[in-house]
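Chemist: In UniProt numbering, the protein residues as written are 4 to 393. From the three backbone atoms N, C-alpha and C, an ideal C-beta is built for every residue, glycine too. Remember, predicted model here, so these are calculated numbers, not experimental data. Attaching a single structure in structure tokens format; questions to follow.
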Ligand code: FAD
Ligand code: DHB
């Protein structure tokens, strides 16, 4: 096959880029290792920044999101049982976030690609990029026992943290920055009414907890757990008891419990790869960077990469202007690092750290107390939470 842009990975990053490019007449091929059903079964992010939702609308896939997604004007932070509302809308002069699951975003993108006859190849095994530093890079993959080849102008690595793209770059051409946290998040999905209209980020002596939702009949809850805990250690009953113990009493009292329909543990990590380009390979989304989930920035950072890459490619194909491609890594990384900072800070402020000296513990308590008590500080939190401009 011959195309303009060869995209590795059919997650939200790869699909959104291929859809946006298609609307501008730029052909692409998406190679996805897994089946569509498998990708759609992975429960991940739930909070979309306005920049992301604008991009979805620009890609012509905003209709169901605008109909079924929930606009949230604020979030709640609870500090050992005391609730503090952060008025996102009021503090930012009108900005809000949208609660609409990553699975739904991905489903809408798959449907849109299919409706436009887009080439999304599932179950593509052993995808390999080749000749990245030449003008004629290409991809190979295996499917149904045969090896196939995709020739292209550019390759986009949108294949997530464990993908092949970043690993194809010679080690001496990139620098990786990483921080691994000494805990994970245990998350469950349950067909129960959400305990609160707005998300609750709860700091407690027993550890962090988060009350989120997908809809008025589908709740998503998380608790901080030790790194070596296994899902099997956590019966539904134990999960609900622990969650309640970390929430304000009135919230715990009205929490509706039920069987979990999904339960998984995610490790927490901060990671950035610099630069995000090698020859004609461009990295985007989790392939280049990971944040701990506390600030809801993972999917949103992926979307900002796509925004920059999309505009750079339009300028290249429409006007022969490669300057956006040349500055892509620098431009994207500037925003990526700010999302890293916010995610690290939210994580540091709201979790219990094993082995934290008492002084650090006091600083953490004081940091949160200060942020909740100061209008200037709450504005800072709000402008980051709703998303910095692209
Ligand atoms: P991905 O969604 O990872 O998509 C990459 C795609 O590439 C996948 O479909 C994968 O199958 C495919 N792929 C991988 N390797 C290859 C290969 N070699 N060849 C072909 N295809 C390949 N963010 C939040 O904001 N909030 C959350 O609650 C949250 N929870 C998360 C929980 C988990 C367990 C994980 C892993 C991430 C979570 N994130 C969360 C982060 C968010 O989901 C990601 O930032 C987002 O999925 C990034 O999108 P992406 O398209 O860049 O990567
Ligand atoms: C969700 C996940 C997050 O990491 C977050 O900060 C907010 C919401 C969620 O899955 O709903």
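Give the list of continuous alpha helix (DSSP H) stretches no shorter than 4 residues that lie fully inside the segment 19-74.
Modeler: 39-44, 53-61 and 66-71
Chemist: Check whether the Cβ atoms of residue 110 and residue 34 sit closer than 8 Å, and answer yes or no.
Modeler: Going by C-beta atoms, residue 110 is not nearer than 8 Å to residue 34.
Chemist: Could you say if the segment 250-263 and the segment 186-203 meet the contact criterion of at least three C-beta pairs nearer than 8 Å?
Modeler: yes
Chemist: From this set, 275, 193 and 269, which residue's C-alpha is nearest residue 259's C-alpha?
Modeler: Closest by alpha carbon: 193.
Chemist: Any idea which residues DSSP pairs residue 275 with across the strands?
Modeler: Answer is 180 and 292.
Chemist: Ignoring anything shorter than 3 residues or poking outside the segment 300-385, list the beta strand (DSSP E) runs there in chain order.
Modeler: none
Chemist: Alpha carbon to alpha carbon, how far is residue 312 from residue 328?
Modeler: Answer to the nearest angstrom: the Cα atoms are 7 Å apart.
Chemist: With respect to 7 Å, is the separation between the Cβ of residue 297 and the closest non-hydrogen atom of the ligand DHB below this value?
Modeler: yes
Chemist: Would you call the segment 342-357 and the segment 286-303 in contact, with 3 or more CB pairs under 8 Å?
Modeler: Counting Cβ pairs under 8 Å, three or more are found: they touch.
Chemist: What do you reckon, are the CB atoms on residue 31 and residue 24 nearer than 8 Å?
Modeler: yes
Chemist: Quick check on residue 116: buried or exposed, where buried means 16 or more other Cβ atoms within 10 Å of its Cβ?
Modeler: buried
Chemist: Report all residues from its chain with a CB closer than 7 Å to the CB of residue 332; omit the five preceding and five following residues, and keep chain order.
Modeler: The beta carbon of residue 332 sits closer than 7 Å to those of 278, 279 and 280, all from its chain and outside the five residues before and after it, given in chain order.
Chemist: Can you tell me whether DSSP reads residue 103 as helix, strand or coil?
Modeler: coil
Chemist: Can you find a heavy atom of the ligand FAD that lies under 7 Å from the Cβ of residue 11?
Modeler: yes
Chemist: Check whether the Cβ atoms of residue 168 and residue 29 lie closer than 8 Å to each other.
Modeler: no
Chemist: Considering only heavy atoms of the ligand DHB, does any lie closer than 7 Å to the CB of residue 376?
Modeler: no
Chemist: What number of angstroms, rounded off, separates the C-alpha of residue 205 from the C-alpha of residue 352?
Modeler: Straight-line Cα distance between these residues: approximately 11 Å.
Chemist: Should residue 264 go down as buried or exposed, given a rule of 16 or more other Cβ atoms within 10 Å for buried?
Modeler: exposed
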